[in-house]
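Going by numbering that gives the first Met the number 0, the sequence shown opens with residue 0, and the numbers climb by one from there.
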Amino acid sequence: MTRLAHISDVHFGREDSDLVDGLLLALAEAKPDAIVVSGDLTQRARKGQFRKARAFLAELPKVPTLIVPGNHDVSATNLIDRMARPLKRYRQYIANDLTPFLQVDGLAIAGISTVRRLERKDGRINRRQVALACGQLGETQENTVRVVVTHHPIDLPLQDRENATIARAKMAIKAFSDCHVDLFLSGHLHAGQAMVTSTREAGVPYAAVVAHAGTAVSTRTRIEPNGWNLIDLDGRQRMTVQQMRWSVEAGRFVHGPHAGFARGDRGWMAS
Ligand SMILES: [Fe+2]
Ligand SMILES: [Fe+2]
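Here it is, written out as structure tokens:
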């Protein structure tokens with residue numbers, strides 16, 4: 000069994016310190032084998048906010064951690080920086096690598112930056128990024144679970160008419176299906192969810208699990224409490240996505256909705 004903790008949208012600058020403490024405690028108890036942070040580390044990409052985010056990352060359990068930037072990590076006020084070096088501070092304070100790749104315990108994880116300098120909110124993915132990730136993931140062994148991490152969602156439930164998937168999502172889902180990606184992790188919506196790619200894109204040759212994480216510790220909650228995901232993998236055969244939700248009554252993160260998935264010839268399906 001391999002355990003992956005997936006946190007997102009911590010938005011330092013708008014963080015709740017009780018939740019930060021609660022998250023660090025819950026992560027220490029969960030004992031993940033790896034941690035993914037899917038963007039929006041800060042609220043407005045200010046230096047002080049990046050410093051806080053960096054201090055928080057240093058407190059995480061000492062396991063391999065993969066981080067990608069979110070749209071809030073692009074300089075919002077300095078137009079020159081925004082155009083010339085949109086992720087200058089992110090690279091300086093958090094991670095210089097915008098194409099991180101990590102392998103641990105039967106798991107291979109490729110991170111992709113979907114942030115664009117001209118798009119304030121929505122994200123984009125391109126063929127070059129997809130090809131790079133598929134190349135990295137394709138070199139792993141047959142029983143390795145292949146994971147792609149983006150800030151913006153690659154797929155959404157059919158009934159969601161309010162939010163938009165990332166630009167070039169159809170191209171990405173098709174290409175990632177061809178290279179047998181098993182799991183997409185993203186944030187941005189501040190709402191937790193777990194589904195498979197075949198719910199919207201009928202005829203996907205190899206369906207993947209899609210897990211969105213809520214906002215872990217920020218006060219920018221939308222329709223649901225703060226949350227994050229704990230994902231357990233039983234080889235490349237079975238997977239559970241356990242949403243962790245903040246309970247005001249308990250003063251800690253507790254188990255929220257969970258979903259199970261199993262892998263067949265055409266990829267993953269709900270089980
Ligand atoms: Fe966010
Ligand atoms: Fe975002």
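For every residue, glycine included, the Cβ atom is placed at its ideal position computed from N, Cα and C.
For residue i, the first and last residue of its enclosing alpha helix (DSSP H)
i	result
D177	168–177
G47	46–58
G110	It is not in any alpha helix (DSSP H) - G110 instead sits in the beta strand (DSSP E) that spans 106–110.
V129	126–137
R88	87–92
Neighbourhood of residue i by C-beta, 7 angstroms cutoff - its chain only, sequence neighbours within 5 removed
i	result
L157	T198, R199
Terminal residues of the beta strand (DSSP E) in which residue i lies
i	result
L232	226–233
M82	Careful: M82 lies outside any beta strand (DSSP E), inside the alpha helix (DSSP H) at 78–83.
M237	In the sequence under discussion, the amino acid at residue 237 is Arg, which differs from the Met named in the question. Taken as a continuous stretch (DSSP letters only), the beta strand (DSSP E) holding R237 covers 237–246.
R13	Counting along the chain, R13 falls outside any beta strand (DSSP E), and DSSP gives it neither H nor E.
R145	144–148
Short Cβ contact (8 angstroms threshold) for residue i with residue j
i	j	result
G186	G38	yes
L305	I6	Limits of the chain in this structure are 0 at one end and 270 at the other, which puts residue 305 out of reach.
G234	G105	yes
G226	A212	yes
A207	R237	no
A258	V240	yes
A4	L26	yes
Proximity winner among the options, relative to residue i (alpha-carbon distances)
i	options	result
G12	L40, M0, H5, L18	L40
V144	G266, V9, E14	G266
G122	E58, L131, D154, R45	D154
F49	A171, V9, L97, A269	V9
P99	V36, D177, A29	V36
L182	A174, V195, G191	V195
P60	V67, Y89, I34	I34
G110	T149, N125, R84, A130	T149
K169	I124, E28, E248	I124
S176	I165, V147, R160, N95	V147
A107	R2, E248, A174	R2
C178	P256, A190, E141	E141
Close-in-space but distant-in-sequence residues of the same chain around residue i (CB under 6 angstroms, 5 per side omitted)
i	result
N70	V114, K120
Residues of its chain near residue i, where Cβ-Cβ distance is below 8 angstroms and the 5 sequence neighbours each way are ignored
i	result
K87	S74, D80
Bridge partners - residue i, DSSP secondary structure assignment
i	result
R262	W267
M0	Answer is none; M0 lacks a bridge partner.
S37	V67
R219	Answer is none; R219 lacks a bridge partner.
L101	I108
S197	None, per the DSSP bridge assignment.
I6	V36
H211	S185, Q192
R123	A166
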